[in-house]
Structure formats: C-alpha cells, structure tokens
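Residue numbers (my numbering): 92 to 172. Notes follow the structure.
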Amino acid sequence: MPGDDEELLRRSFRIAGHQTSLSMERAFWDEFRRMARADRRSMTELISEIDAQRTAGLSRAVRVYILGRLQRAAGNQGDTQ
C-alpha cells in the first residue's frame, strides 16, 4: 500500500478559460504549493505559466518543473559552500 506522499491526487483548475485537471502524487502537490507561496503566486498562475510553455502533458510538465526548481536550488546551495 503506498504511503501518503505516493497517493495520487487530482485537482481542477481553470486555465485560459478552460477547466482542466492534474493528477500528481501528494508529495509533488505539497512542493508545488510551497513554490507558489514562495513566489507569492497562486497555483493557478504558476500552472498557467507552465501550460503556456509545455511540450508534453500538463501533469508531466508540472512534475518536471518542480524537479528542475529543486535541482537548481540544490545546485545554488552547493555553489555557496
């Protein structure tokens, strides 16, 4: 049985006038919410930006965005030590 962080959750958003939904694991939703708050933006605003630039499915594009930001943050921390 998967842990809580592995549970797949579906959330709905209105992007560019259309209703859409994303399915991601709880751990990704939690991190995405933290990123949006850190940017002082709503999750819908951030998803809209990702949607405008994506070349793959939206859920996949959001997960790749999250991973990229985490990798850049880890790289930046490594540069200052």
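We treat Cβ as the ideally placed atom computed from N, Cα and C, and that holds for glycine.
DSSP-derived helix/strand/coil call for residue i
| i | result |
| --- | --- |
| T146 | coil |
| D96 | helix |
| S139 | helix |
| R132 | coil |
| Q172 | Reliability fails at Q172, whose pLDDT of 42 lies under 50, so the model's placement of it is uncertain and the value that follows must be treated cautiously. It is coil, neither helix nor strand. |
For residue i, the first and last residue of its enclosing alpha helix (DSSP H)
| i | result |
| --- | --- |
| E116 | Where E116 is concerned, there is no enclosing alpha helix (DSSP H), although the beta strand (DSSP E) it sits in stretches over H109 to E116. |
Unbroken beta strand (DSSP E) run spanning residue i, endpoints
| i | result |
| --- | --- |
| R102 | L99 to I106 |
Burial state of residue i, where buried means 16 or more other Cβ atoms lie within 10 Å
| i | result |
| --- | --- |
| V155 | exposed |
| L113 | buried |
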